[in-house]
Structure formats: structure tokens, C-alpha cells
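Have a look at the structure below, then the notes.
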Amino acid sequence: MNIFRLAGDMTHLASVLVLLLKIHTIKSCAGVSLKTQELLALVFATRYVDLFTNYVSLYNSVMKIIFLGSSFSIVWYMRRHKIVRRSYDKDQDTFRHYFLLLPALILALIIHEKFTFKEVLWTFSIFLEAVAILPQLVLLQRTRNIDNLTGQYVFLLGAYRAFYILNWVYRYFTEPHFVHWITWIAGLVQTLLYADFFYYYFQSWKNNAKLQLPA
Numbered sequence: 585m586n587i588f589r590l591a592g593d594m595t596h597l598a599s600v601l602v603l604l605l606k607i608h609t610i611k612s613c614a615g616v617s618l619k620t621q622e623l624l625a626l627v628f629a630t631r632y633v634d635l636f637t638n639y640v641s642l643y644n645s646v647m648k649i650i651f652l653g654s655s656f657s658i659v660w661y662m663r664r665h666k667i668v669r670r671s672y673d674k675d676q677d678t679f680r681h682y683f684l685l686l687p688a689l690i691l692a693l694i695i696h697e698k699f700t701f702k703e704v705l706w707t708f709s710i711f712l713e714a715v716a717i718l719p720q721l722v723l724l725q726r727t728r729n730i731d732n733l734t735g736q737y738v739f740l741l742g743a744y745r746a747f748y749i750l751n752w753v754y755r756y757f758t759e760p761h762f763v764h765w766i767t768w769i770a771g772l773v774q775t776l777l778y779a780d781f782f783y784y785y786f787q788s789w790k791n792n793a794k795l796q797l798p799a
């Protein structure tokens, strides 16, 4: 494992911990999109169907369990916890996220490395993850004023994918025959979706001001 892959995993893990910290300590999910969290839970559920059938390493298995468990627990808290769910802004989180499912599935059925059940589900998870952040970004744009923990969560989630792109570049030049067009293109699309947020995040950090997105 190279430093870029490790940095990507750690920033991904940090994003989850920041969101769980907000939910557990503040008992609030204000500014957090349930639609995005549901999509991410589906991403991990379809990507890690091989959790108990394809052992890679202890590190790999532990990370899969963490992301599966944390994603579904976040959805549960936002839907079922008596206190947390009161802070969920359902009226603003109106992005029709289910419209993202069918295109991702169709693409996975057409574009894949091997036509098997696990491979199609894995490819579906890659395409879906690329656009899963859209409901969250739309919600932030509508609410405009973003609290620190929510801003850090989205930033870390975007940084995770950016580090993975650096990991792919590194592996392309250091490993023979390392070519994965599906993950590369989906990862690039996902990172580009964060570009606007990154710009305003760094502007607020540079000016030591509260993060605000334009209407």
C-alpha cells in the first residue's frame, strides 16, 4: 500500500468519524443530507458483498466493516433517533436521489470488466458513489450557512477521492499493466463535483470566515 492510498483511506475514515462525532455529541444532523447517506450505505452494501467470501487482509476486512456499519448507523440515527431526526431538514433535502440509481445500474450492466453478479454490483457501486454527494451539495447550497463539522465532513469526503486519484497515478507509473478506466473516470467525475465546494472551503479557511456557498 502506498502513501496516497493510505491517506485516502484515512481521510475517508476521518470524514465518517467527524459526522458520527456531530451526531453523537451534538445530537444533530442539521445540514446533513439523508439522501446522500442512503446512497452511500447502498454503495458500501453492493461493493462489499464479498466481505465474507474474499479475504484480502485484516486491514481490508476491518475497513469494510467500519464503512458498512457506520453508513447504516448514520442512516438509522437520522431516520429513527428521537432527538437527532428532529434536526433533519427534510424540506430542504429534496434532491430526487432515486433518479441516480437506474442510470448507475444501466451503466454497470453495459460497462464492466466481467459480467458476473459481484462484478456488476461492484461497478454499480463505483458509478453510484461518483454522484452520491449531489444531494449533499444541493442541500448545502440551499442552506448556505454551513457549520464547521458539516463542512469538514464534506471536505474530507472529497479529499479521500482526490488522494485515491493520486494513488491511481502512482500505481500507473509503478505497476505494469495497471489500468482501471471505470474507477478512474468515475473517480474523476466525483472529484470534479467537489471542485466548487473546495474553492469556497479554502476561501473561508484563508479568510478565517464562516463557510458559505453562493445561492
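When you line the sequence shown up against my numbering, it's residues 585 to 799, in that order. Where a beta carbon is used, it is the ideal one built from N, C-alpha and C, also for glycine.
Would you kindly work out how many angstroms separate the C-alpha atoms of Leu685 and Lys606, rounded to a whole number?
Note on geometry: alpha-carbon atoms of Leu685 and Lys606 lie some 28 Å from one another.
What is the rounded straight-line gap between the Cα of Tyr784 and the Cα of Leu603?
Tyr784 and Leu603: Cα-Cα distance of roughly 20 Å.
Those runs of the alpha helix (DSSP H) which lie wholly inside the segment 659-724 and span at least 4 residues:
Here the runs fully enclosed are 685-694, 701-715.
Element boundaries [alpha helix (DSSP H), containing Thr758]
Bounds of the alpha helix (DSSP H) holding Thr758 are 732-758.
Name the residue from Ile695, Thr630, Arg631, Ile649 whose alpha carbon lies nearest to the alpha carbon of Trp765.
When only C-alpha atoms are compared, the closest one is Ile695.
Note down, in chain order, each residue of its chain lying with its Cβ closer than 7 Å to the Cβ of Val627, except the 5 sequence neighbours on either side.
Cβ contact annotation for Val627 (same chain, cutoff 7 Å, sequence separation greater than five): Ser709, Leu712, Glu713, Ala716, in chain order.
What is the rounded straight-line gap between the Cα of Ile658 and the Cα of Trp768?
A direct Cα-Cα distance of roughly 28 Å separates Ile658 from Trp768.
I'd like to know if the segment 620-634 and the segment 745-761 are in contact, where contact means that at least 3 CB-CB pairs between them fall below 8 Å.
Contact fails: fewer than three Cβ-Cβ distances are below 8 Å.
Check for me: the alpha helix (DSSP H) holding Met594 runs from which residue to which?
First-last of the alpha helix (DSSP H) with Met594: 587-605.
Given Tyr639, which residues of its chain have a CB within under 8 Å of its CB, disregarding the five upstream and five downstream residues?
Cβ neighbours of Tyr639 beyond the five flanking positions: Ser645.
Is it true that the CB of Ser599 sits closer than 7 Å to the CB of Ala625?
Going by C-beta atoms, Ala625 is not nearer than 7 Å to Ser599.
Which first and last residues belong to the alpha helix (DSSP H) in which Phe628 is found?
Counting along the chain, the alpha helix (DSSP H) containing Phe628 begins and ends at 618-631.
Within-7 Å CB hit, Leu795 to chain D:
The structure shown contains no chain D; it holds only a single protein chain.
Whose C-alpha, out of Leu740, Leu723, Ile587, is nearest the C-alpha of Leu601?
That would be Leu740, whose Cα lies nearest to the Cα of Leu601.
From Ala770 to Gly592, what does the alpha carbon distance come to, in whole angstroms?
Rounded to the nearest angstrom, the gap between the Cα atoms of Ala770 and Gly592 is 16 Å.
Residues of its chain near Gln720, where Cβ-Cβ distance is below 6 Å and the 5 sequence neighbours each way are ignored:
Excluding positions up to five away in sequence, the list reads Ser617, Thr620.
Report the CB separation of Ile650 from Leu597 in whole angstroms; it is logged as a contact under 8 Å.
Approximately 7 Å separates the beta-carbon atoms of Ile650 and Leu597; this is inside 8 Å, confirming the contact.
Taking Asn586 as the reference, give the member of Pro798, Tyr748, Ala614 with the closest Cα.
Check the Cα spacing between Asn586 and each of Pro798, Tyr748, Ala614: the tightest is with Tyr748.
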